[in-house]
Structures are given as C-alpha cells and as structure tokens.
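Just so you know, we're using my numbering here: the sequence shown kicks off at 1100 and counts up by one.
All C-beta atoms, glycine included, are put in the ideal place defined by N, C-alpha and C.
As the structure is a computational prediction, the values presented were derived from the model and not from experiment.
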Amino acid sequence: MKMGKKIGKEKRRNGRIFIYIGSFLIIFFIAVVVNGGSDKLSFKDLLICLFTGLGSFVLGIWLIFGWKKQLLKKDPKILFKEKQHYENIEFENEYVIISKEYVSFKLAPDHIFKRDEVLNMFYTKFRVRGNCFYILEVKTVRTDDQLTIDPDRFNIKDLIKGHVLDKQLEILGSACPYACIGKYDPGYVEHMRKMWREAQQAKLENMPDAKDVIHMSNGIG
C-alpha cells in the first residue's frame, strides 16, 4: 500500500539510525573494557554507555520490524481504510488527499479520517527551543486525534506567503459535511457526538437478534 510503504520506509530509516548508534556505543564499551578501562570514564559512565547502546539497538530493531503491529494496534482498520482511500482519490495536492469516503494530511499519512465523521478541525502553533511546530487537531464522532506538523516539511515559499495551513484546512473542511473548521467548538462536538451515539444505539435496537436471523435464513417465522 502507498501509505504503508511510506511509513515503513521512514520507520526503517529511523530504525537503522538507532541501530548504528547502538552498535557504536556497544562496540565502544567492549573496546574500552578489553583495553582495561579508561582514565576519563568511570564504571558508571561505561554502564550508561552500554545500556544506552542496548536500548538504541533494541529500539532500532523494533522500529524496523514492529511498526506495522503498532499501526494496527492504534487503528485495526487502517489498512482497509488505506486501500479504500488511495483507490478512490477525488482530489490531491501537495499536502492533502480527498477520496470518496476519507480525507488525510500527507504529512501524517497514518491518520485517515472518514469524511462524514469529522466534526472539528483546527490547528495551534507552538515553539520548542526556537523551532516552530503546528498541532493539527481533529475531532471526530469517535475520538480526538492530534497530528504534529513540522513546518520544515512544507514548501517554504508557501509558508512565507502565509495561510498555507488555513488553505489546506479549508479544502479538507469542504469535503467533510459536518465539520467545523478553524477553531475549537466543544459544544458543537459534544452535541454531534451525542446525536451520533443515539443514532448508533437506535440501529442496534432495531437489529434482529441472533435467533431471528437464523429463523429468517431458514425460512421460518
């Protein structure tokens, strides 16, 4: 799958980096111990070096081989959603994808939202040690989701022009019939979630029970 390949490539790249770092630290520890220690490093420093190396190595292995399991644990239907999403694309630009049933942000490909379940979509800007980031928040009938977006992954010309995120939110919002775009509206979100839960409950109450289904399939009743 397109998304799976993209995420897998990124996870494997990060995994290899951690393995390289871990391997270097472990080899360094072994070399120092074999050569009788170091005047500049205490036994505690060597242990920290060893355990940091082992931790990095294990994390690298997990990133390479465990990323798909983590993805499925977070959203068991993600591969089905991905297939439906990428096989039925109706609109696509540098940042967003809109398909017949779903919308997604290209900078966070493991987040795919059903168009008629999105209720609220907005972003907040924050700085960490001088670096600027954006948190894209998506409220659906089922859950809250947060996507951290690094502006370095945007086209810098678009950022200089400004309003690039606003434009992408507007595009996504136009595809989501029940979405409030641009600012957090907790009252609207809770009201719509309540209506959705009531609708789901009504569907369950109107479903025939197992015995009725068996009788109907056998032509009885």
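query                                                                                                                                                                                     : result
According to DSSP, is residue 1193 helix, strand or coil?                                                                                                                                 : coil
Residue 1216 and residue 1241 look like a contact to me (Cβ under 8 Å); what is the Cβ gap, rounded to whole Å?                                                                           : 6 Å
Using the Cα positions of residue 1141 and residue 1155, report the straight-line distance between them to the nearest angstrom.                                                          : 21 Å
Kindly list the residues whose CB is nearer than 7 Å to the CB of residue 1075, restricted to its own chain and excluding five residues on each side of it in sequence; keep chain order. : A question about residue 1075 goes unanswered here, because the residues of the chain that appear run from 1100 up to 1320.
So, for residue 1111: in the same chain, excluding its five sequence neighbours on each side, which residues have a beta-carbon less than 6 Å away from its beta-carbon?                  : 1163
Got a sec? Which residues, its chain only, sit under 6 Å from residue 1295 by beta carbon, not counting five neighbours each side?                                                        : 1240
Can you look up residue 1122 in the DSSP assignment and give me helix, strand or coil?                                                                                                    : helix
Does DSSP classify residue 1240 as helix, strand or coil?                                                                                                                                 : coil
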